[in-house]
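Worksheet for the structure shown next.
2 protein chains.
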Amino acid sequence: MPRAVDHEQRRFEIVAGLWQIVAEQGIEGVSLRTVAARAGVSMGRVQHYFGTKDALVVAGIDLLVKRAVIEYEATEGRPPGDRLLHILLQQIPATEAGRIGVTVWYAYVAKAMTHTAVREILAEATRVGVEECTRHIQEADGLDEAEARSHAVELLALSDGLTLRALIGDITAEEAEALIRACRSRPRGS
Amino acid sequence: MPRAVDHEQRRFEIVAGLWQIVAEQGIEGVSLRTVAARAGVSMGRVQHYFGTKDALVVAGIDLLVKRAVIEYEATEGRPPGDRLLHILLQQIPATEAGRIGVTVWYAYVAKAMTHTAVREILAEATRVGVEECTRHIQEADGLDEAEARSHAVELLALSDGLTLRALIGDITAEEAEALIRACRSRPRGS
DNA sequence: CCGATAACGATGCGATCGCATTGAAACCTA
DNA sequence: TAGGTTTCAATGCGATCGCATCGTTATCGG
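Quick mapping for you: the protein sequence lines, in order, are chains A and B.
Per our numbering, residue 1 is the first one in the first sequence, and the count goes up by one each step.
Per our numbering, residue 1 is the first one in the second sequence, and the count goes up by one each step.
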């Protein structure tokens, strides 16, 4: 057996460099060399752990989703209304770190249009998001499944749209958050 | 004076090729050579009319926005509720051509995160969109300016979010349209 | 202590990139 | 018809790309 290194840690270091490049220059800026340089490692190392540029890019969105899931699971046990708001507000760029994360996210949304593997990861993530939100709305508001789901899709879409506007600079993060809270607590007709 | 050609026409032919490349391969797929090949012209021609790759890319979003504005202006004279729905529903990918257009649009949204000129074009376009929607809501529903604007931002964000979901395949175009119509006609609390 | 093997760093290769340059048609004016 | 100007095709260049390959180092079971 050779030298034992923390495989997960190595991969994370490299993916962190990838995220920085994507946030600053978009996925266009990603190359084995630029990511290696940003992560402060050799290009050989990147190749060793990811093999191919495409695999590296896919690993980037995969890890991003996994992190978001872990953050969400940390809210387990809190009241359904809180957990719902966590999902709706998590991606609104309040902090600088959050802004980077959500910038990377939307870079991958665009990538998903032309890349099957990325699209499937995002589709699965949004599917789970709708499921969880539907569940929380059912619990919190006592709606039936169909009504709750329609409300969930609406709230999630609103969150997406407002996040985009906050990223472009059209509105502030505070305005986006206020609009989501207002829409979430507004009573709906059938 | 030399050979007289239709400058606008030439530029449009090339940009049409650009849009196809962007829809199929994303902005990553754009190069002077690939666009020239897709448009069926020589690379020299592309250089002659746009000079630089960056200028070509910017021209792509510029023309896309101008086309949307022209389509919208064709609705002049129609009732405000119709014009509002035109803006809200225009980008929902109902037809294949519409799908290509909106795919290109979101490719540029991602590009805007790292490209100042693109960001400013998109910011101006969304600003105008909010203004127009606000005006129509005021006229149609008799709200004051602040309420109408908040409603406009909400409806536009919802439209954005639902469009994204329709693109990824999460929901159908019909479901997206139905949700927008429902939310638009739903009475709001203060 | 010694081979076997994982973990790389370094380097080379062919392809593609953006862009500058060059020169030849094509066309209008005088 | 002579000349000036626009249009544009062709080509060359240096840089960068993804990826394959090769050699070295470090580590641990036997």
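The C-beta atom is built at its ideal place from N, Cα and C for all residues, glycine as well.
Residue environment, Ala55 of chain A, which counts as buried when at least 16 other CB atoms sit within 10 Å: Your numbering for residue 55 of chain A matches position 55 in the first sequence. Answer is exposed; the Cβ neighbour count stays below 16.
Alpha-carbon to alpha-carbon, Leu167 of chain B and Gly29 of chain A: As a working mapping, residue 29 of chain A is identified with position 29 in the first sequence. As a working mapping, residue 167 of chain B is identified with position 167 in the second sequence. Going by the C-alpha atoms only, they are around 24 Å apart.
Segment limits, alpha helix (DSSP H) that includes Thr116 of chain A: Within the first sequence, numbered from 1, the residue matching residue 116 of chain A stands at position 116. That run of the alpha helix (DSSP H) goes Thr116 to Asp141.
Met113 of chain A - DSSP class collapsed to helix/strand/coil: Position 113 of the first sequence, counted from the start, is the residue given in the question as residue 113 of chain A. Three-state DSSP puts Met113 of chain A in coil, outside helix and strand.
For Glu73 of chain A, three-class secondary structure by DSSP: Position 73 of the first sequence, counted from the first residue, corresponds to residue 73 of chain A. Residue state, collapsed to three classes: helix.
Spatially closest choice to Arg119 of chain A from A:Arg10, A:Ile61 and A:Val5, by CA coordinates: For this step, residue 119 of chain A is matched to residue 119 along the first sequence. Closest option to Arg119 of chain A, Cα to Cα, is A:Ile61.
Beta carbon of Leu88 of chain A nearer than 7 Å to that of Ser185 of chain A: Taking the first sequence and counting its residues from 1, the one referred to as residue 88 of chain A is at position 88. Taking the first sequence and counting its residues from 1, the one referred to as residue 185 of chain A is at position 185. Not in contact: Leu88 of chain A and Ser185 of chain A (Cβ atoms no closer than 7 Å).
Assumed close pair Arg188 of chain A, His151 of chain A - CB separation to whole angstroms, cut-off 8 Å: As a working mapping, residue 188 of chain A is identified with position 188 in the first sequence. As a working mapping, residue 151 of chain A is identified with position 151 in the first sequence. Indeed they touch by this definition, with Cβ atoms about 7 Å apart.
Host alpha helix (DSSP H) of Ser31 of chain B (start-end): Numbered from 1 along the second sequence, position 31 holds the residue referred to as residue 31 of chain B. Counting along the chain, Ser31 of chain B falls outside any alpha helix (DSSP H), and DSSP gives it neither H nor E.
Residue-chain proximity (Ala123 of chain A, chain B), Cβ-Cβ < 7 Å: Counted from its first residue, the first sequence places residue 123 of chain A at position 123. By this cut-off, Ala123 of chain A is an interface position.
Residues that Ala107 of chain A contacts on chain B, provided the C-beta gap is smaller than 8 Å: Reading the first sequence from its first residue, position 107 is the one you call residue 107 of chain A. Within chain B, the residues near Ala107 of chain A are Ala110 and Met113.
Per-residue burial, Gly275 of chain A [other beta carbons within 10 Å of its own, 16 or more giving buried]: A question about residue 275 of chain A goes unanswered here, because the residues of chain A that appear run from 1 up to 190.
Glu40 of chain A - DSSP class collapsed to helix/strand/coil: As a working mapping, residue 40 of chain A is identified with position 40 in the first sequence. Looking at the sequence itself, residue 40 of chain A is Gly, so the reference to Glu does not match. Three-state DSSP puts Gly40 of chain A in coil, outside helix and strand.
Integer Cβ distance of Leu179 of chain B from Val153 of chain A, believed to fall under 8 Å: Position 179 of the second sequence holds residue 179 of chain B. Position 153 of the first sequence holds residue 153 of chain A. Indeed, because the Cβ distance is near 7 Å, the residues count as touching under 8 Å.
Integer Cβ distance of Ala16 of chain B from Ala39 of chain B, believed to fall under 8 Å: Here residue 16 of chain B corresponds to residue number 16 of the second sequence, with the count starting at 1. Here residue 39 of chain B corresponds to residue number 39 of the second sequence, with the count starting at 1. Ala16 of chain B to Ala39 of chain B, Cβ: 7 Å. Contact.
Contact set for Glu145 of chain A: own chain, Cβ-Cβ below 8 Å, skip 5 residues either direction: As a first step, residue 145 of chain A must be located in the first sequence, where it is residue number 145. Excluding residues within five positions, the ones whose Cβ falls inside 8 Å are Thr134 and Gln138.
Enclosing alpha helix (DSSP H) for Gln20 of chain B [first to last residue]: Along the second sequence, read from residue 1 onward, the residue named residue 20 of chain B stands at position 20. Gln20 of chain B -> alpha helix (DSSP H) spans His7 to Gln25.
Chain-ordered chain A contacts of Val65 of chain B [CB-CB under 8 Å]: Along the second sequence, one-based indexing puts residue 65 of chain B at 65. None at all; the shortest Cβ gap to chain A is about 14 Å.
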